[in-house]
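For reference, the structure discussed in these notes is given below.
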Amino acid sequence: MIELNPHYAELKDSYLFRRIGAKTEAYCAAHPGTRLLRMGIGDVSLPLAPAVIRALHEAVDDQADKATFHGYLPECGAPFFREAVADHYRGRGIALTDGEVFVSSGASDELGDILDLFSPSSAALIMEPAYPAYVDASVIAGRRIVRLPAGEGNGFLPAPDDSLDADLVYLCSPNNPTGAVFPRELLGSWVDFANRRGAVILFDAAYEAFIEDPALPRSIFEIDGARTCAVEICSLSKTAGFTGTRLGYTVIPKDLTRGGQSLHAMWTRNRTTKTNGVSYILQRGGAAVFSEEGQRQIRENIAVYKRNAKTLMRVLDSVGVWYTGGRNAPYIWMKCPDGMKSWDFFDLLLNEIQVVGTPGEGFGACGEGYFRFSTFGSPEDTEEAAERVVRVLG
Ligand code: MLT
């Protein structure tokens, strides 16, 4: 009989956001007519920017006409999409060639798929609390995980230490779930660590567009030495509202080699075998995000989410609750009141005020005692949730 992947048995019963969804659905089924306020999963509430919608419509029309129709596109990305992304980086002073950009169907897919580049015997360093897909994808691949706990003491931004025995390093900045952002110098010490060890950093930059502080790096390629040790994984989900549309990109510099092999060449080989790329229509929509008009419009949407963050932060300040995040990231990471456990606090908010958040424990053991609010809801829902939260915490 065929032997199945034994590592599935090592996973938790269900993925964090599935578990939250199931609990929420059960509550709604038992309490019909409830006006539930969802601030759990980081799913956007604003529609795509008009420039993106226009590009999508035009691309649909292209597909209706023999003269403009597109069949297969290059697997690693349409030239116009790769150029739009690379231009965006170059505009921010980061030297990059178009061919170093790979299209993807989103960061979460890519964070798991990219593990194909590394031997299953390589160990992955994961700072916790962490986006649970890093852990689950590594478990499924049978990879050894080195957990590096982060906490209030180091601002949820741990520093490298040569005793850490890892080959792959997941870094997420701005961090999901804590909202912490690596300052330039600390990020530089991770780059030095990776280059010294011959490790590779998987830099998850899905939330870079939320960084307000100009001193903070938005890309790992702003750091000297990153081109020889890092892969950057980005998404248009949160930046431009593509959670339901699905599009992202990955940057692999041609200078990144290990054991004489080019990771860029290996990923090209992988993509040309395992995918036929992403649809022409979506890539046209994605390229429009990087136009001047698209950038202005997505900034307007991000500003709405930032106002939501301010609304929540004001309320937490007024009741004296400790929290972090919210300023350079779309998540607020708060301490549960009275030493409560995070799933107990989840149940309390669901049952008492019908607000859904994300329990910190879902991001790893050191997230226990904390709770995450997403700021991607509508302003009306966020205002109302803030008022309800005061009732519980005030
Ligand atoms: C989150 O809520 O952590 C993210 O939205 C989940 C995701 O991007 O897959």
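Position one of the sequence shown corresponds to residue 1220 (this note's numbering), numbered consecutively onward. For glycine and all other residues, C-beta sits at the position ideal for the given N, C-alpha and C.
In its own chain, leaving out the 5 sequence neighbours on each side, no residue places its CB closer than 7 Å to the CB of R1237.
Within 7 Å of the C-beta of F1429 there is not a single heavy atom belonging to ligand 1. Annotation note: the stretch 1432 to 1483 contains the following uninterrupted alpha helix (DSSP H) runs of length 4 or greater, listed N- to C-terminal: 1456 to 1459.
DSSP places A1343 in the uninterrupted beta strand (DSSP E) bounded by A1343 to E1347.
Counting of Cβ neighbours within 10 angstroms places N1520 among the buried residues, the total reaching 16 or more.
In the DSSP assignment, the residues bridged to P1368 are E1347.
Proximity to I1452 across K1473, F1461, A1424 and E1431 peaks at A1424, based on C-alpha coordinates. One Cα belongs to V1354, the other to A1399, and the distance between them is close to 19 Å. Bridge pairing for Y1389: I1345 and L1421 [DSSP].
Taking the Cα positions, D1386 is about 7 Å away from G1417. Taking the Cα of S1498 as reference, the smallest distance to any Cα among M1532, S1481 and V1279 is reached at V1279. When DSSP states are grouped into helix, strand and coil, L1256 belongs to the strand group. K1231 sits in coil when the DSSP states are folded into three classes, being neither helix nor strand. Taking a cut-off of 8 Å on C-beta distances, the stretch 1475 to 1490 touches the stretch 1336 to 1356, as three or more cross pairs fall below it. T1469 is the residue among T1469, I1551 and I1572 whose C-alpha sits nearest the C-alpha of G1318. In the same chain as D1262, and ignoring 5 residues on each side of it, the C-beta atoms closer than 7 Å to its own belong to T1462 and F1595, in chain order. As DSSP reads the structure, S1382 sits in no beta bridge. Of the heavy atoms belonging to ligand 1, at least one sits nearer than 7 Å to the Cβ of Y1350. Within the same chain, and ignoring the five residues on either side of G1444 in sequence, the residues whose Cβ sits closer than 6 Å to its Cβ are V1410 and N1414. In this structure, DSSP gives V1609 a helical state, which the three-state scheme calls helix. Setting aside the 5 residues that flank it on each side, A1297 is surrounded in the same chain by Q1502, each with a C-beta closer than 6 Å to its C-beta; the list follows chain order. Of the heavy atoms belonging to ligand 1, none sits nearer than 7 Å to the Cβ of G1331. Under the three-state reduction of DSSP, T1577 is assigned to strand.
Within the same chain, F1288 come within 6 Å of Q1282 by CB-CB distance, once the 5 residues on both sides are set aside.
With a minimum length of 4 residues, the unbroken runs of alpha helix (DSSP H) contained wholly in the stretch 1500 to 1563 fall at 1511 to 1537. For S1233, the closest alpha carbon among the candidates Y1246, R1309 and P1351 is that of P1351.
Contact between N1547 and E1431 is confirmed by a C-beta separation of about 6 Å, below the 8 Å threshold. Distance from the CA atom of F1565 to the CA atom of P1578, rounded to whole angstroms, is 6 Å.
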